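In our numbering, the protein residues as written are 1106 to 1337. All C-beta atoms in this analysis are idealised placements derived from N, C-alpha and C, irrespective of residue type, glycine included. The model shown is predicted, which means the values in this text are computed figures rather than measured ones. The structure under discussion appears below in the form of C-alpha cells.
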Ligand SMILES: *Cc1c(COP(=O)(O)O)cnc(C)c1O
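See below:
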C-alpha cells in the first residue's frame, strides 16, 4: 500500500468508528447511516484509494468533476450531486448522479423532471433547506419547504427522498445541534402529511466538523470530505 492509500484507509476507518460511537450513544443502528466521501477537487487516485478501503458513495459539487470521475470508477461507485446545480447542467449530470441533494428551487426540480422524462426514468432528489437562514447559502427556508415539497411532488418522475442542509461553519459542533434537530423535525412534520411520491427517509446533514452531532440527531447521510481526504 502506498502512503496515500494508507492515510485514506486510516481516515475512513476513524470516521466509521466515530459514526459507530455516535450511533451507540443514541441507540441507532450504524447501518442506517451512509457515509458519503466528498471527493471534490481530489484526484481520481484518491477516489480509487477510498474505493479500495470500502467507500462506494462519493460526493461532488461540480458537474464537470462528476463527468470526469464517474466513468473512470468501478460500476458500483455511486456519485451524489451535493453542490448548487445550474439548470443548464441537469442534462449532463442526471445519468451519473444516484441522488441530487441540492434541489433548491421549483424551477430546478422542473428541469430535472423534464430531463428524467426525456430519459424515460425517475430521479431521486432531496430538497436543500437553509435552516440557519444564511444569506450566502442556497435552499428553501424552513417555512417554505412543505409547500415546495407539495409542488415538486406533482412532478411525476421525481421521487423526493428527504431533506439536506449545510450547517454553518462553527468552531464547536454543538452549536449546530439545533440546526440538525430542526431539519429532523421538519422531515417528521412533512412525513406525517403522507404526500404521494414523497418518502422523507433521507436526512443528509453533517460534515467533517459536525457529523457526530448530526448522527446523534438523526442523519442518514453524512458528507465528509476533509476528514477522509485531508485539506483541500
Ligand atoms: C465540501 C462539502 C462537504 C464536505 O465538507 P468537509 O468539511 O470537507 O467535510 C459537505 N457537503 C457539501 C455540500 C460540500 O460542498
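- Around the Cβ of residue 1250, a 10 Å sphere holds 16 or more other Cβ atoms; the residue is buried.
- Here the segment 1303-1310 makes contact with the segment 1263-1270; the two share three or more CB pairs at distances below 8 Å.
- Excluding five sequence positions before and after residue 1116, the CB atoms of its chain that fall closer than 6 Å to its own CB belong to 1333, given in chain order.
- Here residue 1186 is not near residue 1217, since their CB atoms are 8 Å or more apart.
- Under DSSP, residue 1164 forms a beta bridge with 1143, 1185.
- For the alpha helix (DSSP H) assignment, the uninterrupted runs of no fewer than 4 residues enclosed by the segment 1183-1217 are, from N- to C-terminal side, 1195-1198.
- Looking at the DSSP output, residue 1259 bridges to nothing.
- The segment 1271-1280 makes contact with the segment 1225-1239: 3 or more CB pairs, one atom from each, lie closer than 8 Å.
- Within the DSSP bridge table, the entry for residue 1267 names 1231, 1307 as partners.
- Checking the DSSP bridge columns, you'll see residue 1328 partnered with 1141.
- No Cβ-Cβ contact shorter than 8 Å links residue 1325 with residue 1120.
- Under the 8 Å Cβ criterion, the segment 1150-1166 counts as touching the segment 1187-1207, having at least three qualifying pairs.
- Across the set 1107, 1199, 1289, 1157, the C-alpha of 1199 shows the shortest separation from the C-alpha of residue 1172.
- For residue 1294, the enclosing alpha helix (DSSP H) has its first and last residue at 1282-1296.
- In this structure, the C-beta of residue 1312 approaches ligand 1 to less than 7 Å from one of its heavy atoms.
- Judged by the Cβ position, residue 1133 fails to qualify as a neighbour of ligand 1 at the 7 Å threshold, every heavy atom of the ligand being at least this far.
- Close CB contacts of residue 1222 within its chain, under the 6 Å cut and outside five residues either way in sequence, are with 1262 (chain order).
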